[in-house]
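Colleague:
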Ligand code: HEC
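In my numbering, the protein residues as written are 3 to 183.
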């Protein structure tokens, strides 16, 4: 074999090896992590989180009177939970105080809770099935915004088991049939 053919051959082997090295790790990383999903582009994680809390409807259930006040709730009063219960086949649950949640959990634990429907314990109507699909960046931004508000403990009614009538105000989410059957 001439010297130039050997060079050509080894050159193409290097190219093949390089291609394998270059593509294999990113292909497996994509399978495992949600890092490459779309995320909100904002000047800071707190700004991204503030935006996402609103457009992803988190305030509707986690900020008292957010819907009634059409979103005009001062930051000081945001995300302290909702004392109006959500009643359904799962019992009655309350939109939790997310300022307490981020105070009691690390950012990694927050990501885990939202990815796993609170390790399988999470009840409706929290949209666990949607929240699990956030990119890592956006989940962390949501945490950063709630954290930036600081803790503000507010007492919420206790959740009740299925079949137990709730005390106080609640929204009935049971499915009814207009035919009365
Ligand atoms: C339709 C109402 C609703 C919406 C919208 C909603 N949540 Fe929730 N969320 C709840 C309820 C109710 C619970 C309590 C569920 C339970 O007790 O298992 C909850 C629980 C949680 C928890 C678990 C807290 C814990 O430690 O147990 C987190 C975190 C959370 N929500 C974050 C969010 C974020 C972030 C958004 C927006 C992307 C959001 N929620 C949107 C109603 C809602």
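All C-beta atoms, glycine included, are put in the ideal place defined by N, C-alpha and C.
May I ask you to list the residues that DSSP assigns as paired with residue 169?
Modeller: Looking at the DSSP assignment, residue 169 forms no beta bridge with any residue, so it has no partner.
Colleague: What number of angstroms, rounded off, separates the C-alpha of residue 65 from the C-alpha of residue 71?
Modeller: C-alpha separation (whole angstroms): 11 Å.
Colleague: Report the CB separation of residue 115 from residue 171 in whole angstroms; it is logged as a contact under 8 Å.
Modeller: That pair is no contact at about 26 Å.
Colleague: How about the stretch 146–154 and the stretch 117–126: do they share at least three Cβ pairs that are nearer than 8 Å?
Modeller: Counting Cβ pairs under 8 Å, fewer than three are found: no touch.
Colleague: Following a CB-centred definition, is residue 133 positioned closer than 7 Å to any heavy atom of the ligand HEC?
Modeller: Because some heavy atom of the ligand HEC lies under 7 Å away, the Cβ of residue 133 counts as near it: yes.
Colleague: With respect to 7 Å, is the separation between the Cβ of residue 115 and the closest non-hydrogen atom of the ligand HEC below this value?
Modeller: Yes, the Cβ of residue 115 comes within 7 Å of a heavy atom of the ligand HEC.
Colleague: First and last residue of the beta strand (DSSP E) that includes residue 89?
Modeller: Residue 89 -> beta strand (DSSP E) spans 87–90.
Colleague: Mind checking who residue 75 pairs with in its DSSP beta bridge?
Modeller: BP columns for residue 75 are empty, so no partner.
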